[in-house]
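S.K.:
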Amino acid sequence: MKFSHLDSSGAARMVDVSAKDVTVRTATARGFVRLSAECVTALRDNAVPKGDALAVARIAGIMGAKKTSDLVPMCHPIPIHGVKVDLEVTDEGVAIEAFAKTADRTGIEMEALTSVTVAALALIDMVKAVDPAAVITDVRVVEKTGGKTGTWNRPADEADEEADEAEEAEEADEADEDKDT
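849 is the number of the first residue of the sequence shown in my numbering; add one for each residue after it.
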């Protein structure tokens, strides 16, 4: 097996991508921050002592995407044409999704992953006084487009199924609340 990031002597190197075609590339990554019920309530009530935790996490995620090549040694610095970070409070914690886009010679998956991870870290920093046991989990790329290999979608996995079930349960709860009013 040949490793693309090692030279003939086994030393690490950054791959030369200059011969590749520039194409529009996107990536979507997801992650989850598991929180206590008390912390979820504080987020929903905008009662986190440090302030608007979701806004801070969203901005941190965008900033994280822009710093990816500074943090990941073999990651090329690429122009980022757009980053969107969504955070959704669920009964179990906060689901995070990041979408990143570029037009370049290499993918933007690492930027999407870094975005989710930094958003999760910032969220934990914001809520640690309420929930010191918060856990970051299930960070993964769920889709990428562009480049020679085209589109790739992660096969449905347990984390996606749990997120879908939580979303369906919340929608059912909201429908029940609407019926009661």
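Note that beta-carbon positions come from the ideal geometry of N, C-alpha and C, so glycine has one too.
Answer with buried or exposed for residue 880, where buried requires no fewer than 16 other C-beta atoms within 10 angstroms of its C-beta.
M.R.: When all chains shown are included, residue 880 counts as buried.
S.K.: Could you compute how far the alpha carbon of residue 915 sits from the alpha carbon of residue 949?
M.R.: Cα to Cα, residue 915 sits roughly 15 angstroms from residue 949.
S.K.: Leaving out the 5 sequence neighbours to the left and right, which residues in its chain are closer than 8 angstroms to residue 965 when beta-carbon positions are compared?
M.R.: If we look at residue 965 and ignore the five residues flanking it on each side, its Cβ neighbours are 879, 912, 984, 987.
S.K.: With distances taken from CA atoms, which of 901, 905, 960 is nearest residue 926?
M.R.: Answer by Cα proximity: 960.
S.K.: On the premise that residue 957 lies in contact with residue 932, defined as a C-beta separation below 8 angstroms, what is that separation, rounded to the nearest angstrom?
M.R.: Contact doesn't hold; Cβ gap of about 15 angstroms is too wide.
S.K.: Please report the residue range of the alpha helix (DSSP H) in which residue 914 lies.
M.R.: Where residue 914 is concerned, the enclosing alpha helix (DSSP H) stretches over 901-914.
S.K.: Output yes or no for whether 7 angstroms exceeds the beta carbon distance between residue 928 and residue 935.
M.R.: Going by C-beta atoms, residue 928 is not nearer than 7 angstroms to residue 935.
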